[in-house]
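Some notes on the structure that comes next.
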Amino acid sequence: MWDDQITAKSDNISKNVKKCLSDKFMLNWSNNVRNSAKCLNYRIYKSDFCFEKYLSVLPSDLRMYLCKFRCLSNKLPIETGRFFNIDRTERHCNLCNANELGDDFHYLFKCTFFNNVRAKFLPLNICNNPNVLKFKELMNTSDLFTLTGIAKFCKSVI
């Protein structure tokens, strides 16, 4: 890229620099997500750095709740325990008796405290026999009806 600076056109240099910076950013983002303990569930459904449809189709109030839920900017035990230096394995849900980790997967699919809200807002076929693939499918949906339901569920949880 820099071998023949004199004859290189400025637009080519600009494109090459932009591409190089973009590649470095993408690599850094990917490494941060992959290596962060906070992103264990996030990396299940977010593998590419790209614009998410819910950001443009949901009303701002619902968009905020879904965004907070996805980014773990909330008061789930998995997050609040971090502030009090509670070991990750001890950050249990305090709303049900399952004695499970109080993370986004638990609240979306398993917490009995939210059974009625879950039945009201989330697709039944996704909630039955929850697993990582269904989690990924739900969090990556582009269906407006489903996105609205997820956001309303998140509003109830948060």
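Per UniProt numbering, residue 1 is the first one in the sequence shown, and the count goes up by one each step. Virtual Cβ for every residue (Gly too), placed ideally from N, Cα, C. Since the model is a prediction, treat every value here as computed from it, not as a measurement.
Measure the C-alpha to C-alpha separation of residue i and residue j and round it to an integer number of angstroms.
{"i": "THR80", "j": "VAL17", "result": "41 Å"}
{"i": "MET64", "j": "LYS19", "result": "32 Å"}
{"i": "CYS39", "j": "ASN131", "result": "17 Å"}
{"i": "LEU62", "j": "MET26", "result": "28 Å"}
{"i": "ARG91", "j": "ALA98", "result": "12 Å"}
{"i": "ASP23", "j": "SER36", "result": "20 Å"}
{"i": "ASN114", "j": "TYR54", "result": "Note on identity: in this sequence residue 114 is Phe, with Asn being the wrong assignment. So the two alpha carbons sit approximately 23 Å from each other."}
{"i": "SER47", "j": "LEU133", "result": "14 Å"}
{"i": "CYS71", "j": "SER14", "result": "33 Å"}
{"i": "ASN12", "j": "SER60", "result": "40 Å"}
{"i": "ASP87", "j": "ASN32", "result": "21 Å"}
{"i": "LYS9", "j": "PHE83", "result": "52 Å"}
With 16 other CB atoms within 10 Å as the buried threshold, where does residue i fall?
{"i": "PHE51", "result": "exposed"}
{"i": "ASN41", "result": "buried"}
{"i": "PHE109", "result": "buried"}
{"i": "CYS93", "result": "buried"}
{"i": "ARG34", "result": "exposed"}
{"i": "CYS154", "result": "buried"}
{"i": "LEU150", "result": "Note that residue 150 is Ile in the sequence shown, not Leu. Buried, by the Cβ-count rule."}
{"i": "PHE69", "result": "buried"}
{"i": "LEU138", "result": "buried"}
Excluding five sequence neighbours on each side, which residues of the same chain lie with their C-beta closer than 8 Å to the C-beta of residue i?
{"i": "ASN29", "result": "Per the sequence presented here, residue 29 reads as Trp, with Asn not at that position. Once the five neighbours on either side are set aside, the close Cβ partners of TRP29 are PHE49."}
{"i": "LEU66", "result": "TYR54, LEU58, LEU147, ILE150, ALA151, CYS154"}
{"i": "THR89", "result": "LEU101"}
{"i": "LEU21", "result": "none"}
{"i": "ASN140", "result": "TYR45"}
Spell out the partners DSSP gives residue i in its beta bridges.
{"i": "LEU101", "result": "HIS92"}
Report all residues from its chain with a CB closer than 6 Å to the CB of residue i; omit the five preceding and five following residues, and keep chain order.
{"i": "THR112", "result": "CYS96"}
{"i": "MET156", "result": "For the sequence presented, residue 156 should be read as Ser rather than Met. VAL117."}
{"i": "SER142", "result": "LYS53"}
Leaving aside the five residues before and after residue i along the sequence, list all residues of the same chain whose C-beta is less than 7 Å from its C-beta, in chain order.
{"i": "LYS136", "result": "ILE44, TYR45"}
{"i": "CYS127", "result": "PHE109, ARG118"}
{"i": "TYR107", "result": "LEU76, PHE114, VAL157"}
So is residue i in contact with chain B if we call contact Cβ pairs under 7 Å?
{"i": "CYS39", "result": "Among the chains in the structure shown there is no chain B, since it carries only a single protein chain."}
* Asked: Using 8 Å as the threshold, is the region 97–106 in touch with the region 76–86, meaning 3 or more CB pairs across them?
  -> yes
* Please confirm if the region 138–158 is in contact with the region 104–123, defined as three or more CB-CB distances below 8 Å between the two stretches. => yes
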